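Worksheet: the structure to be examined is printed underneath.
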Ligand SMILES: Nc1ncnc2c1ncn2[C@@H]1O[C@H](COP(=O)(O)OP(=O)(O)OP(=O)(O)O)[C@@H](O)[C@H]1O
Ligand code: SF4
Ligand SMILES: [Mg+2]
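Structure follows, in structure tokens:
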């Protein structure tokens with residue numbers, strides 16, 4: 001068993017059986033072939049999109065677990081890998097305590113009965129040539145479940161469970177005759193047909209009108225209560241997840257960065273990324289208008305992820321180097337400028353033709369001068385050397401790089417316990433690092 005599992009703290013290595021579904025150090029990378037020219041002349045090796053990168057967590061029996069995070073952070077890939085619609089690159093997946101990472105053939109078919117998916121798009125995911133009856137019954141025929149009569153009865157039963165009544169009338173409809181909400185319910189009925197014990201719903205309401213969203217979500221809530229189903233809901237919409245989930249996990253660039261009870265994640269987010277996400281949802285945070293946390297920069301490329309905490313190039317709380325007396329906001333601005341200087345991607349306002357150091361500082365909102373004299377000297381030298389394309393630019397950039405280091409870019413951080421049933425992956429919460437932070 002990988003030794004980091006206990007450090008991650010989500011699934012004790014000896015007890016994935018404590019969860020209905022669990023993963024340990026799960027990875028799903030999508031390889032990208034480098035072109036011949038890049039390989040031969042630039043010496044580049046094949047790279048990979050690190051869509052899911054070392055995710056360890058568990059979903060308890062009967063629990064509704066929500067997964068949130070910006071577009072492209074790996075939510076769908078994690079969900080599809082768990083239910084084995086995608087093959088994992090590394091790590092383990094457990095279901096009812098049994099490892100299902102590499103199962104094939106009959107075992108995989110049996111797992112697929114237990115773990116079902118409800119797709120995002122009710123328009124695309126239903127075969128328009130099938131009447132509702134045939135579409136919902138198809139999985140029962142494929143898996144050869146029960147007698148003809150039992151399959152027939154099951155179709156009407158699950159249509160009713162999904163709120164499609166009278167079921168006999170809906171059974172005869174074609175998808176084109178149904179509204180978006182009704183089609184999503186047909187998708188739910190089909191997923192229920194095989195009597196799964198685990199349901200994954202990927203953005204289940206995002207394609208629906210606001211007016212019908214609530215009623216479809218009610219179906220999920222009822223299923224949760226009546227069947228005690230274990231479920232994984234994937235959504236951008238934190239207010240939706242708060243409504244239907246027991247716990248929420250927040251993903252950033254292929255990793256889980258915070259996990260905890262839904263109300264606590266929304267009302268008292270602890271990870272700086274979760275705080276930013278929550279602050280951007282005015283409906284669930286009434287103070288959001290005043291306190292919205294603006295993140296700097298774009299989400300980095302999942303092919304080339306930042307060292308250490310993957311959020312550090314954007315984090316408003318990124319830890320300043322101990323050797324200098326930076327104000328927090330001052331350091332955030334300096335760190336952003338430093339990354340662009342080192343990447344040779346310095347930016348200035350669009351209307352500036354011949355940039356001066358002041359233009360650069362203004363663009364990055366870096367105070368002039370910095371509070372710390374030594375820091376000011378290092379930064380000012382690097383900016384002017386780069387702008388003037390001075391021979392000494394390489395040296396001054398190297399000095400800047402080695403002096404302006406944040407602990408957030410060191411290897412790690414680990415996922416640590418931050419309360420009852422709560423975990424976060426941030427150096428600010430890692431007690432073993434407190435000495436290094438002060
Ligand atoms: N089949 C694939 N081949 C290559 N890259 C992929 C593939 N599927 C997903 N990716 C990449 O993996 C990363 C994670 O994608 P994923 O769809 O899991 O994100 P997501 O969090 O579900 O995003 P969204 O909220 O937009 O649905 C993205 O960079 C995406 O481009
Ligand atoms: S480790 Fe540092 S950069 Fe990452 S979230 Fe925590 S404070 Fe921000
Ligand atoms: Mg997705």
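In the working numbering, the protein residues as written are 1 to 438.
Just so it is clear, CB atoms sit at the ideal spot from N, CA and C, and this is done for glycine as well.
All values reported here derive from a predicted model rather than from experimental measurement.
Judged by DSSP secondary structure, residue 311 falls outside any beta strand (DSSP E); it is assigned neither H nor E.
Per DSSP, residue 324 has no beta bridge partner at all. In this chain, residue 404 is not harboured by any beta strand (DSSP E), its DSSP state being neither H nor E. The nearest non-hydrogen atom of ligand 3 is less than 7 Å from the C-beta of residue 202. In terms of CA proximity to residue 344, 382 leads the group 382, 353, 350, 329.
A straight-line Cα-Cα distance of about 8 Å links residue 229 and residue 61. Per the DSSP secondary-structure output, residue 432 pairs with nothing in a beta bridge. When rounded, the separation of the alpha-carbon atoms in residue 102 and residue 54 is 17 Å.
Under the criterion of beta carbons closer than 8 Å, residue 189 and residue 153 do not qualify as touching, at roughly 13 Å.
The C-alpha of residue 183 lies about 55 Å from the C-alpha of residue 436.
Inclusion of residue 231 and residue 208 in the CB contact set at 8 Å is not warranted, their separation being larger than that value. DSSP, read as helix, strand or coil, puts residue 302 in coil. Of all alpha-carbon atoms in 68, 258, 181, the one lying nearest the alpha-carbon of residue 121 is that of 181. Relative to ligand 1, the nearest heavy atom lies less than 7 Å away from the CB of residue 74. Relative to ligand 1, even the nearest heavy atom lies 7 Å or more away from the CB of residue 68. Taking the C-beta atoms as reference points, residue 300 is found nearer than 8 Å to residue 253.
Taking 7 Å as the cut-off, the C-beta of residue 77 counts as close to a heavy atom of ligand 1. Taking C-alpha positions only, residue 219 is separated from residue 430 by approximately 40 Å. Judged by the Cβ position, residue 51 qualifies as a neighbour of ligand 1 at the 7 Å threshold, a heavy atom of the ligand being closer than this. Of all alpha-carbon atoms in 63, 296, 196, the one lying nearest the alpha-carbon of residue 117 is that of 196. For residue 311, the distance from the CB to the nearest heavy atom of ligand 2 is below 7 Å.
Going by DSSP, residue 274 is part of no beta strand (DSSP E) but of the alpha helix (DSSP H) stretching over 272-279.
The C-beta distance from residue 341 to residue 303 rounds to 22 Å, too long to fall under 8 Å, and the pair is not in contact. The residue from 109, 63, 29, 59 with its alpha-carbon nearest to that of residue 47 is 29. By the CB criterion at 8 Å, residue 276 and residue 233 fall outside the cutoff.
Contact between residue 248 and residue 273 does not hold, since their C-beta atoms are separated by about 13 Å, which reaches or exceeds 8 Å.
Taken from the Cβ of residue 280, every heavy atom of ligand 1 lies 7 Å or farther away. DSSP lists 48 as the beta-bridge partner residues of residue 31. The beta-carbon separation of residue 145 and residue 194, rounded to 7 Å, stays under the 8 Å limit for a contact. Residue 428 has its Cβ nearer than 7 Å to a heavy atom of ligand 2. Nearest Cα to residue 405 within the set 360, 313, 367, 51: 313. Spatial neighbours of residue 376 in its own chain (CB-CB distance under 6 Å, excluding positions within 5 residues in sequence) are listed in chain order as 369, 370. In the DSSP assignment, the residues bridged to residue 65 are 232, 247.
Selection 151, 175, 19, 373 evaluated against residue 124 yields 175 as nearest (Cα-Cα). Separation of the CB atoms of residue 86 and residue 77 is rounded to 7 Å, and the pair is thereby assigned contact status at 8 Å.
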